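Engineer:
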Amino acid sequence: MSRARHVGLPRWLFGPALLAGAFVVLPVASMTTRIALGDFWSLVTSRAARSALVLSLETSSASTALCLLLGVPLATVLARGEGRWLGPLRSLVLLPLVLPPVVGGIALLSTFGRQGLLGGELEALGIRIAFTSVAVVLAQTFVSLPFLVISLEGALRTAGERYDVVAASLGARPTTVLRRVTLPLVLPGLASGAVLAFARSLGEFGATITFAGSLEGTTRTLPLLIYNLRVTDADAAVAMSLVLVAVAVLVIGLVRPRGAL
Amino acid sequence: MSRARHVGLPRWLFGPALLAGAFVVLPVASMTTRIALGDFWSLVTSRAARSALVLSLETSSASTALCLLLGVPLATVLARGEGRWLGPLRSLVLLPLVLPPVVGGIALLSTFGRQGLLGGELEALGIRIAFTSVAVVLAQTFVSLPFLVISLEGALRTAGERYDVVAASLGARPTTVLRRVTLPLVLPGLASGAVLAFARSLGEFGATITFAGSLEGTTRTLPLLIYNLRVTDADAAVAMSLVLVAVAVLVIGLVRPRGAL
Amino acid sequence: MSAQVEVVLAERGVDVAFEVADGETVALLGPNGAGKSTTLSVLGGLLRPDAGRVVLDGEELTGPGRWVAPHARRTALLAQDPLLFPHLSVLENVAFGPRSRGSGRRDARATAEHWLAEVDAADLAERRPTQLSGGQAQRVAVARALAAEPRLLLLDEPMAALDVAVAPALRTLLRRVLAERTTVIVTHHVLDALLLADRVVVLDGGRVVEQGTTADVLSRPRSAFAARFAGLNLVAGTATPDGVRRPDGLVLHGTPGDPPPVAGAAAVAVFRPSAVAVHREPPGGSPRNALPVVVSELEPLGDLVRVRAGELAADVTVASVTELGLAPGASVTFVVKTTEVDVYARPFEHR
Amino acid sequence: MSAQVEVVLAERGVDVAFEVADGETVALLGPNGAGKSTTLSVLGGLLRPDAGRVVLDGEELTGPGRWVAPHARRTALLAQDPLLFPHLSVLENVAFGPRSRGSGRRDARATAEHWLAEVDAADLAERRPTQLSGGQAQRVAVARALAAEPRLLLLDEPMAALDVAVAPALRTLLRRVLAERTTVIVTHHVLDALLLADRVVVLDGGRVVEQGTTADVLSRPRSAFAARFAGLNLVAGTATPDGVRRPDGLVLHGTPGDPPPVAGAAAVAVFRPSAVAVHREPPGGSPRNALPVVVSELEPLGDLVRVRAGELAADVTVASVTELGLAPGASVTFVVKTTEVDVYARPFEHR
Amino acid sequence: SDDSSGEDGKDRERTLTVFAAASLTKTFEELERQFEDAHPDVDVKLSFGGSSDLAAQIAEGAEADVFASADTATMDTLVAAQLTVGEPAEFATNTLMIAVPPGNPAGIEQLADLTKKAVRLVLCQPEVPCGRAALQVADVAALELTPVSEEESVSGVLTKVENGEADAGLVYVTDVAAAGDDLEGVDFPEAADVVNHYPIVAVQDAEHAELARQWIDLVLGKGQQVLRKAGFGAPTS
Ligand SMILES: Nc1ncnc2c1ncn2[C@@H]1O[C@H](COP(=O)(O)OP(=O)(O)OP(=O)(O)O)[C@@H](O)[C@H]1O
Ligand SMILES: Nc1ncnc2c1ncn2[C@@H]1O[C@H](COP(=O)(O)OP(=O)(O)OP(=O)(O)O)[C@@H](O)[C@H]1O
Ligand SMILES: [Mg+2]
Ligand SMILES: [Mg+2]
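Chains as they are written, first to last, in our numbering: chain A, 336 to 596; chain B, 336 to 596; chain C, 2 to 352; chain D, 2 to 352; chain E, 83 to 319.
Pasting the structure below:
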């Protein structure tokens, strides 16, 4: 609605806001000036690039889905649940954020790897996770989960419980309340969270290379390809990074619901 | 208040929530089983470790402050401003999230580096950024800014403009509205955002090593030290990671205001 | 569905107990902050009291070691704030209750349409709650609560914000609907209490100060609030053989009502403002009650003028006002015949 | 501070224009959804109309190409929803306006304390808004609006949710305060309009259907809503030489008022419910008006009973009700003397 | 790793997985083409990384058929863990070179120039082979090198020098060759005293022991030409 309320923003706010925008955009822009456009297309359309791009999109989508599946319940419990154990749990969920991704990969290996905690059980079941595409998804989920959980929990807290209470008093059981009231009301937060998780998965490198390795078609996602290229051809690496950025901006632009994020 | 409203959560929710918690906590826990406690102390208290820890805390605090300084205005403009250019800007702010951090470092080099876009100007002013602690802060700010902006923007959107409007109608000028109503109301979101930014800064590796390099005392933060150690002594790296995790959980636990996050 | 209610909530200074008989409508009256909304919240299971119990038709819903979740109570609460779900259309809002109780999509829709029509909001069905005016939102909220078909209906000021055209219609609707339902309703309007409630429970400062049938309480109030609410004058004091002695010593003579007061015990004298005559000078002689007062306010009241003097009021004609030169600040005497004054024992103390 | 208001908002179907003289209090009346809150929002600068202008004391605040931000208008709006700042204490809420206008911390605090005391909420000063009851919150919101000391005060149903004890006190306060202020007030209660407003503007369906001094409009309403609001009967039709002809042909005889109706033009006949006698059979002979009606509702009204029949009402004694066997559904005749019926030309058409 | 492969790999029944040090990227990609031409039914999959990372992955169960390391120390750990088949064979050597930005703005001509105060030097961290080699060279020349940064890998050093951020770095000859016009190299005599040896070995559990052997043969035989062209030295043993 065009005739919305107009409180107006303080003028001085635009100064630092502009500076912030420039601080993010300028480096990326100035990096692009470095690469020749000629090589760009052949590079970007090479077999290795295409296979990495497809793999990246597939695994990032899968890990975003997994994040939603695990993260929505966790965020809800953290935001609405009661109990002294929630405080520590909330801090623990942040772990993958602070852990350098490579260390995260080591942690995943020590759980799901052949010599890991669950390695024996998984082996017995004939399941091998490390160095497969599944490992890529797990690595991405591990690093992305906190993003979804924290955004969503924040949104749930800000939205408050007023409408949940009304719904319950109208006879809606907790599952119905969650599905028809709580989650629809925090849709912007949920969408932000999912987009953050997807973006983080798309850019994930350290945990993936440690836990999943770097094998074309199976585990070599776009960031891993970029890393590979960097050794031999720095310009190519930058070009591929731009592809990654373009894909992310595109997917996010298409996916995100109106007003969300 | 203990007699708060009780809507109750669906029971089945605890299943996936628990799984999500386990998925994050288990790998970190199983990693700890790998290291011997004896070496742990001597490692953790070594000079290199201490200097890295101090540097990490200093730079992360500085970058969190910088994120707040730049990010709060940007998030406010994105959430409350009007204009067609806001849509693209919102997507662009996500760039550092998708960009593999190493590429982010390259981008920063191509802006603030000696031969970068602003390199000449900075050189003329006698300012050298690369290989200094300032570069570390800039690298951390670059990767952490989106976290703060997105959390805060989501919170601002969820909170809505109702109270801002009331404040304005009582005669509060935009700056007063921002300071006394808008920001206090989204304090939980702001705190979450700051904590996310701090955590991300603390774990930052790729952009730092690319843009700032790695020298003990000046630019070698904890993640860089961990990476250093990893090649020769994986156990030591794991031990240091645990220190990182402990510091993060501690700082976050102490800093975060009640109910926030 | 009969209900027994006991609520103790120390933090809000509330300690209330009353009963609701099957099919009965009870009006909760009382000043702002008396604990009305708090009591409804406890009944609806939205607030857990420190002590007390809620029993609905023999089933304990709240009690020591017992807690039935809100959705399992089959109560429906219309809160003071409409709180329509902002992401659902008006129709979906009203259909929410039926859907939650297991109705099919089509049935729920039909139910919702029915109730929307009843509150004269059928044409708003497709709107979003943000596109409603205050009164429209209130009506939709009423429809939503009614559509939930609860065992116990809890209405917190359902008629607030309604315009003069809609209010009577909605009152008529509620009267029809509530006749068959067990209901607790909170209101600040005497007409609602009179027309909708079988019984009233008067709260003040978190305590029940009076309860009884609506007619009884409103015609023979024993609490200051109920008298005020009914538009009656009330003088509290201790019983004398034929009247009530105010703390300042003045005695008001009257006829004993039922229950008759015991001399020396707490008692109240009640009389209608229209029975009060206003004199500039205290009249001599006859055995009437004369109260010296200072006029605080004049209010037009249809063809009459209500002269307020503190807690007391007198209804006089416009002509008398001019004649007597009445204005705020004027010292006058309120005179009332002994036969017009009823004296009752005061069963509840305002603790 | 005089104000000129013109508001066109197509999306909400609002097209309204009126003026407020310096120091005057104007009451906006009208059914739910008539556009009252919308008009206040435009005045306060919270909504930008499609067209129209707001001029306050010669200064254009809203207009083509002109827009003064809300905070710079020196208007204060008490909205329908109290919306107290949840992170500030009650005192800080009330002090917010003075602080924003540049008062020092101590001055603002004193002002806030003053207004809190005025609305009888001094003891709530240190509470958080979430710890208030509905009526308490409403009172604090009133105090907050008054404390802002605006040039133009905008009050949207300030008396909603108030108990019977507080409402008269707050009305007295407002009466005192508004006497010196330029104010636009929205209300659904006739008493508020009568006691607080110099003039009333009646909106219906987004249009001004009637305006004039309060006494004029409430005693001689020309719109159905104003009549309803004033508690008067109104019959609309076309003027005959000595009365009004209803669309169904029935003629109501009366005495022409000011402005006198022109035969054939739109006119209304207005009479008080107390002037209506109720008969079971149409009485023969005398030159009186007889309206056959069906009783829809009975409402107690103090010592009397209001008999409603659709849009019309008659006030009779309890004795007559029993005697005539009145009940909803009964067919009766409303009889009113010609001298009791006033006939006015209808200046505004309900478009 | 038989479940997925590039489009080209669809009609190839067998897969050979080769783990190789990052510095071998260009040469091994060339050898992949040669090998696949010779074996139309084989899809060669290459995984590059730091030698120690790759070794760790193999220890954790990554399915590799061949492992080519950039240093003998890493190879020794794998052998000690009994994850290899037969003795590792050395297939190339590498020596250090000073890398400078195009035009050599700091005017570096010999190793001793690196100790000048104005020169911003970057090295690999001592924990990785090129860093270790740099320390050894400094020892041999009796110089004390004070870098402004110790990078985690060769590519870190290259990035800084290519960007002109650093005035010089110590990397391998092959790295300078691979960088083309982005860098210039400065030889110094002390480099010959510190030689890095590249061993290759078949990995135990290898699904395709025969193919692994053929790959190793290619690297030790015809492949030497490709390696030499990229700047690698001949094996010393
Ligand atoms: N969330 C709360 N926390 C603490 N105290 C509260 C809370 N809500 C209300 N109170 C207090 O409890 C008392 C009872 O409040 P309640 O809302 O039940 O009053 P009410 O009778 O509904 O009044 P009203 O007519 O104004 O709606 C009041 O003194 C109020 O200030
Ligand atoms: N945000 C909105 N968007 C679109 N339409 C709206 C919006 N708010 C209100 N309306 C519509 O505009 C019209 C005028 O609404 P407004 O709120 O001004 O009514 P009101 O006179 O204040 O009624 P009430 O007495 O119920 O408060 C109504 O038809 C309403 O449904
Ligand atoms: Mg209440
Ligand atoms: Mg309104």
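For every residue, glycine included, the Cβ atom is placed at its ideal position computed from N, Cα and C. From a predicted model like this one, the values you see are computed outputs, not experimental measurements.
1) Would a check of beta-carbon distances place T567(A) closer than 8 Å to chain E?
2) Pair every Cβ in the region 231-246 of chain E with every Cβ in the region 556-571 of chain A, then say whether three or more of these pairs are closer than 8 Å.
3) Whole angstroms are fine: how far does the CA of F477(A) sit from the CA of F193(E)?
4) Comparing alpha-carbon positions, which option in A291(E), Q296(E), V204(E) and H279(E) lies nearest V253(E)?
5) Using only alpha-carbon positions, find the residue among A490(A), V389(A), V433(A) and L525(A) that is nearest to S468(A).
6) Against chain E, with Cβ distances strictly below 8 Å, would F358(B) count as a contact?
7) Name the chain A residues that come within less than 8 Å of L84(C), Cβ to Cβ?
8) Is the shortest distance between the beta-carbon of S386(A) and the beta-carbons of chain B less than 8 Å?
9) Please list the terminal residues of the continuous alpha helix (DSSP H) segment that includes D193(C).
10) Counting only beta-carbon separations shorter than 8 Å, does A383(A) have a partner in chain C?
11) In chain E, which residues lie less than 9 Å from I462(B) when you measure between Cβ atoms?
12) Using beta-carbon positions only, say whether A220(E) and C206(E) come within less than 8 Å of one another.
13) Taking the alpha carbon of E119(D) as the point to measure from, which residue in A328(D), P169(D), L155(D) and R102(D) has its own alpha carbon closest?
14) Quick one: which chain D residues come within Cβ less than 8 Å of G506(B)?
15) Fully enclosed by the region 213-300 of chain E, which beta strand (DSSP E) runs are 3 residues long or longer?
16) Determine the extent of the alpha helix (DSSP H) in which A502(B) is found, giving its start and end residues.
17) Of all the options H290(E), D287(E), F270(E) and A316(E), which has the alpha carbon lying nearest to the alpha carbon of D301(E)?
18) Under 8 Å between the Cβ atoms of T215(D) and A28(D)?
19) Along the chain, where does the beta strand (DSSP E) that runs through G244(D) open and close?
20) Between G135(D) and ligand 3, is there a pair consisting of the residue's CB and a ligand heavy atom that are separated by less than 7 Å?
21) Quick one: does T511(A) have its CB under 8 Å from some CB of chain C?
22) Does the distance from the C-beta atom of T510(A) to that of S391(A) stay below 8 Å?
23) With a threshold of 16 other CB atoms inside 10 Å of the CB of P353(D), please say whether the residue is buried or exposed.
24) Would G98(D) and A166(D) qualify as a contact pair, given that the criterion is a beta-carbon distance under 8 Å?
25) When you compare only the Cα positions, how much space is there between P558(B) and G538(B)?
26) Less than 7 Å between the CB of D164(C) and some heavy atom of ligand 2, yes or no?
27) Interface residues of chain B around P345(A) at Cβ under 7 Å?
28) Suppose only complete runs of 3+ residues qualify. What are the beta strand (DSSP E) ranges in the region 162-228 of chain C, listed by chain order?
29) Report whether the distance from the Cβ of T39(C) to the nearest heavy atom of ligand 6 is below 7 Å.
30) Do you know whose CA, among N33(C), T26(C) and E7(C), lies nearest T40(C)'s CA?
31) If you measure from the CB of D157(C), is any heavy atom of ligand 3 nearer than 7 Å?
32) I'd like to know whether the C-beta of H88(D) is nearer than 8 Å to at least one C-beta of chain B.
33) Under the three-state reduction of DSSP, which class applies to Q207(E): helix, strand or coil?
34) Taking the alpha-carbon of H5(D) as reference, which of S38(D), E25(D), L57(D) and E12(D) has the nearest alpha-carbon?
35) Are the C-beta atoms of P558(B) and some chain A residue less than 8 Å apart?
Structural biologist: According to the structure shown:
1) yes
2) The region 231-246 of chain E, when compared against the region 556-571 of chain A, does touch it at the 8 Å Cβ threshold.
3) Residue identity check: residue 193(E) is Leu in the sequence provided, not Phe. CA-CA distance, L193(E) to F477(A), rounds to 46 Å.
4) V204(E)
5) V389(A)
6) no
7) R497, Y498 and V501
8) Interface residue (Cβ-Cβ distance to chain B less than 8 Å): S386(A) is not classified as such.
9) V191 to L197
10) no
11) The premise fails here: I462(B) is roughly 14 Å from chain E at the closest Cβ pair, so nothing lies under 9 Å.
12) no
13) It is P169(D).
14) H72, R75, A77, G98, S101, R102, A149 and P151
15) 231-233, 250-254, 266-268 and 277-285
16) Per DSSP, A502(B) belongs to the alpha helix (DSSP H) from R497 to S504.
17) The sequence given here has Val at residue 301(E), not Asp. Out of H290(E), D287(E), F270(E) and A316(E), A316(E) has the C-alpha closest to the C-alpha of V301(E).
18) yes
19) G244 to R246
20) yes
21) yes
22) no
23) No answer is possible for residue 353(D): the residues shown for chain D start at 2 and end at 352.
24) no
25) 6 Å
26) yes
27) P509, T510 and L513
28) 183-187, 200-205 and 208-214
29) No copy of ligand 6 occurs in the structure displayed; its ligands are ligand 1, ligand 2, ligand 3 and ligand 4 alone.
30) E7(C)
31) yes
32) yes
33) coil
34) It is Gln, not His, that sits at residue 5(D) in the sequence shown. Per the Cα distances, L57(D).
35) Judged by the 8 Å Cβ criterion, P558(B) is in contact with chain A.
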